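Asker: Numbering (mature numbering (1 follows the signal peptide of the UniProt record, and there is no 0)), first residue to last: -22 to -1, 1 to 359. The beta-carbon is built from N, C-alpha and C at its ideal position, and this holds for glycine as well. Owing to the predicted nature of the structure, the values given are computational and were not obtained by experimental measurement. Following this message is one structure expressed as structure tokens.
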């Protein structure tokens, strides 16, 4: 009996907790929902009667009471001309890997709807600034961006939509959008390329017999001062100076730097089936760097050739003997390894002495210094 009572108590408690949780969830949903606005055609006669007769709200109610937003203006008549104006507020960087770019724009559309002409007894302003909540009560052009990848409206702190109704029935809508648009890039001449990114505006369902988009006369596309870091250079600073710091010239570092640059660019750029100008430039640079390393190796082998060294030694010894210094040179010669210095060191010292004595005849220290540098470069240590 006690066991059955315990089961009954647990079941009752679980049902009660589930009911409490569902109530809390519904209350949170109710708080998160925005207040739904009903169009005048959806409101009851009692609600419409509460509006003062000479107020702006009453004028709007009279205009929209029999208005059907599903039917375009001039139905079965002349097409609706929609004047389009775009103000580019910001322009994001073009992404080479995904081949797209992002813009923040103000899209403005203006058309005439004879059903929204203000009545003749209206003595107020010629323009009515309407709350964006009424936007859904009106017919709107079905404009869309054909090359759009992603887009979103802005609603902080309110929906960024501005709606005007003019006396003659003209309707002006301005909205703020952030759009990611595709831009197929031709990178054949990269990085000396010029790209053209399109913004395609079309009607989704209407034909030109019903709807026509035209650019607003005057200045249809407006831009702020926009600069793209990858594609536009506003200023160049060119300076000339002498670099006095010594940098050790090692060709392997140049090759490694080029290889690293190739890897970085390959990761950032999209994979294409054709050869880019940048690829040709990098390949040529790598070939030059590799050829310089091969040249260095060949020169080192030639300079360190034993036959060449022996021939150079014999030539210097012969020159010393011709000057009457063969005896002194023979005493100092340590080619057989019995002296204090290595053969290369002794050989270089002899060559330096000859250069200095030749330069003494001209009494020019600069020529002696040049000769020493030349021999130090040619003769290996």
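Compare the beta carbon distance of residue 69 and residue 84 with 8 angstroms and say whether it is the shorter of the two.
Answerer: The residue labelled residue 69 in the question sits at position 91 within the chain shown. The residue labelled residue 84 in the question sits at position 106 within the chain shown. Against a cut-off of 8 angstroms, the Cβ pair of residue 84 and residue 69 comes out as no contact.
Asker: Quick one: what's residue 62 bridged to in DSSP?
Answerer: One-based indexing of the chain shown puts residue 62 at position 84. Paired residue(s): 87, 193.
Asker: Using only the alpha-carbon positions, how far apart do residue 81 and residue 175 sit?
Answerer: Translated into the one-based positions of the chain shown, residue 81 becomes position 103. Translated into the one-based positions of the chain shown, residue 175 becomes position 197. Taking the straight line joining both Cα atoms gives about 12 angstroms.
Asker: Identify every run of the beta strand (DSSP E) within the region 135 to 199, keeping only runs that are complete inside it and at least 3 residues long; order them along the chain.
Answerer: Complete beta strand (DSSP E) runs here, min 3: 139 to 144, 148 to 160, 179 to 181, 189 to 193.
Asker: Does DSSP put residue 108 in a helix, a strand or coil?
Answerer: Within the chain shown, residue 108 is the residue found at index 130, counting from 1. Three-state result, residue 108: strand.
Asker: Under three-state DSSP, which class holds residue 81?
Answerer: As a working mapping, residue 81 is identified with position 103 in the chain shown. Of the three classes helix, strand and coil, the one that applies to residue 81 here is strand, per DSSP.
Asker: Would you report the Cα separation of residue 302 and residue 279, rounded to the nearest angstrom?
Answerer: Taking the chain shown and counting its residues from 1, the one referred to as residue 302 is at position 324. Taking the chain shown and counting its residues from 1, the one referred to as residue 279 is at position 301. Approximately 34 angstroms, taken between the alpha carbons.
Asker: Going by the beta-carbon positions, is the gap between residue 115 and residue 51 smaller than 8 angstroms?
Answerer: The residue given as residue 115 occupies position 137 in the chain shown. The residue given as residue 51 occupies position 73 in the chain shown. No. Outside cutoff.
Asker: Sorted by chain position, which residues of the same chain lie with C-beta nearer than 8 angstroms to residue 237's C-beta, five sequence neighbours on each side aside?
Answerer: Counting from 1 along the chain shown, the entry for residue 237 is found at position 259. Excluding sequence neighbours, residue 237 sits near 264.
Asker: Assuming residue 120 contacts residue 184 (C-beta within less than 8 angstroms), just tell me the rounded distance between them.
Answerer: In the chain shown, residue 120 corresponds to position 142, counting from 1. In the chain shown, residue 184 corresponds to position 206, counting from 1. Between residue 184 and residue 120 the Cβ distance is about 6 angstroms, and since that is below 8 angstroms, they are a contact.
Asker: For the beta strand (DSSP E) containing residue 128, name the first residue and the last one.
Answerer: Looking up residue 128 in the chain shown gives position 150. 126 to 131 is the extent of the beta strand (DSSP E) around residue 128.
Asker: Give the secondary structure of residue 363 by DSSP, where H, G and I count as helix, E and B as strand, and everything else as coil.
Answerer: Outside the modelled stretch of the chain, which goes from -22 to 359, sits residue 363, for which no answer is possible.
Asker: Under a Cβ-count criterion, where at least 16 other Cβ atoms within 10 Å of its own Cβ denotes burial, should residue 63 be classed as buried or exposed?
Answerer: If you number the chain shown from 1, residue 63 lands on position 85. With 16 or more other Cβ atoms within 10 Å, it is buried.
Asker: Can residue 75 and residue 248 be called in contact, C-beta distance under 8 angstroms?
Answerer: If you number the chain shown from 1, residue 75 lands on position 97. If you number the chain shown from 1, residue 248 lands on position 270. The answer is yes: Cβ separation under 8 angstroms.
Asker: Among the candidates 73, 255, 275, 132, whose CA atom is the shortest distance from the CA of residue 245?
Answerer: In the chain shown, residue 245 corresponds to position 267, counting from 1. Nearest option by C-alpha distance: 73.
Asker: Helix or strand or just coil, what does DSSP make of residue 211?
Answerer: What you label residue 211 is simply residue 233 of the chain shown in a count that begins at 1. Only weak support exists for where residue 211 lies, its pLDDT of 41 falling under 50; the value from the coordinates is given anyway. Three-state result, residue 211: coil.
Asker: Exposed or buried, which one is residue 123 when buried takes at least 16 other CB atoms within 10 Å?
Answerer: As a working note, residue 123 is residue 145 in the chain shown. Buried, because 16 or more other Cβ atoms sit within 10 Å of the Cβ of residue 123.
Asker: Below 8 angstroms between beta carbons: does that hold for residue 167 and residue 79?
Answerer: The residue labelled residue 167 in the question sits at position 189 within the chain shown. The residue labelled residue 79 in the question sits at position 101 within the chain shown. No, Cβ-Cβ distance for residue 167 and residue 79 is not below 8 angstroms.
Asker: From which residue to which residue does the alpha helix (DSSP H) around residue 266 run?
Answerer: As a working mapping, residue 266 is identified with position 288 in the chain shown. Where residue 266 is concerned, the enclosing alpha helix (DSSP H) stretches over 255 to 281.
Asker: In this structure, what does DSSP give as the bridge partners for residue 113?
Answerer: Here residue 113 refers to the residue found at position 135 when the chain shown is read from its first residue. Looking at the DSSP assignment, residue 113 forms no beta bridge with any residue, so it has no partner.
Asker: Within the same chain, show all residues whose beta-carbon is closer than 7 angstroms to that of residue 43, passing over the 5 residues directly before and after it, in chain order.
Answerer: Taking the chain shown and counting its residues from 1, one reaches residue 43 at position 65. 18, 19.
Asker: Assuming residue 38 is part of the alpha helix (DSSP H), what are its boundary residues?
Answerer: Here residue 38 refers to the residue found at position 60 when the chain shown is read from its first residue. Looking at the DSSP string, the run of the alpha helix (DSSP H) that includes residue 38 is 34 to 42.
Asker: Do you know offhand how far residue 60's Cα is from residue 197's?
Answerer: On the chain shown, residue 60 is found 82 positions in, with the first residue counted as 1. On the chain shown, residue 197 is found 219 positions in, with the first residue counted as 1. Straight-line Cα distance between these residues: approximately 15 angstroms.
Asker: Taking only the alpha-carbon atoms, compute the straight-line gap between residue 133 and residue 258 and give it to the nearest angstrom.
Answerer: By one-based count along the chain shown, residue 133 stands at place 155. By one-based count along the chain shown, residue 258 stands at place 280. The alpha-carbon atoms of residue 133 and residue 258 are separated by roughly 49 angstroms.
Asker: Between 233, 108, 105, 95, which lies nearest to residue 272 when the distance is taken from Cα to Cα?
Answerer: By one-based count along the chain shown, residue 272 stands at place 294. The shortest Cα separation from residue 272 among 233, 108, 105, 95 belongs to 233.
Asker: Inspect the beta-carbon positions of residue 153 and residue 143 and report whether they are closer than 8 angstroms.
Answerer: Locating residue 153 in the chain shown gives position 175, where the first residue counts as 1. Locating residue 143 in the chain shown gives position 165, where the first residue counts as 1. In this structure, residue 143 does not lie closer than 8 angstroms to residue 153 by Cβ.
Asker: Give the secondary structure of residue 68 by DSSP, where H, G and I count as helix, E and B as strand, and everything else as coil.
Answerer: Position 90 of the chain shown holds residue 68. Note: residue 68 maps to strand in three-state DSSP.
Asker: DSSP beta-bridge partners for residue 121?
Answerer: Here residue 121 refers to the residue found at position 143 of the chain shown. DSSP output for residue 121 lists 181 as bridge partner(s).
Asker: Could you spell out where the alpha helix (DSSP H) holding residue 295 opens and where it closes?
Answerer: By one-based count along the chain shown, residue 295 stands at place 317. Its alpha helix (DSSP H) spans residues 284 to 300.
Asker: Just mark residue 87 as buried or exposed, buried being the case when its beta carbon has 16 or more other beta carbons within 10 Å.
Answerer: Residue mapping note: residue 87 aligns to position 109 of the chain shown, counting from 1. The residue in question, residue 87, is buried, as its Cβ has 16 or more Cβ neighbours within 10 Å.
Asker: For my contact list, residue 110 and residue 141 are in at a C-beta cut-off of 8 angstroms; report their separation, rounded to the angstrom.
Answerer: By one-based count along the chain shown, residue 110 stands at place 132. By one-based count along the chain shown, residue 141 stands at place 163. Right, their Cβ atoms sit about 6 angstroms apart.
Asker: Name the residue from 112, 203, 107 whose alpha carbon lies nearest to the alpha carbon of residue 16.
Answerer: Counting from one through the chain shown, the residue named residue 16 turns up at place 38. Residue 112 is the option with its Cα nearest to residue 16.
Asker: Would you list the residues sitting across from residue 73 in a DSSP beta bridge?
Answerer: Reading the chain shown from its first residue, position 95 is the one you call residue 73. Answer is 78, bridged to residue 73.
Asker: List the residues that DSSP assigns as beta-bridge partners of residue 201.
Answerer: Position 223 of the chain shown, counting from 1, holds the residue named residue 201. 66, per the DSSP bridge assignment.
Asker: On the premise that residue 90 lies in contact with residue 147, defined as a C-beta separation below 8 angstroms, what is that separation, rounded to the nearest angstrom?
Answerer: By 1-based counting over the chain shown, the position of residue 147 is 169. By 1-based counting over the chain shown, the position of residue 90 is 112. Indeed, because the Cβ distance is near 5 angstroms, the residues count as touching under 8 angstroms.
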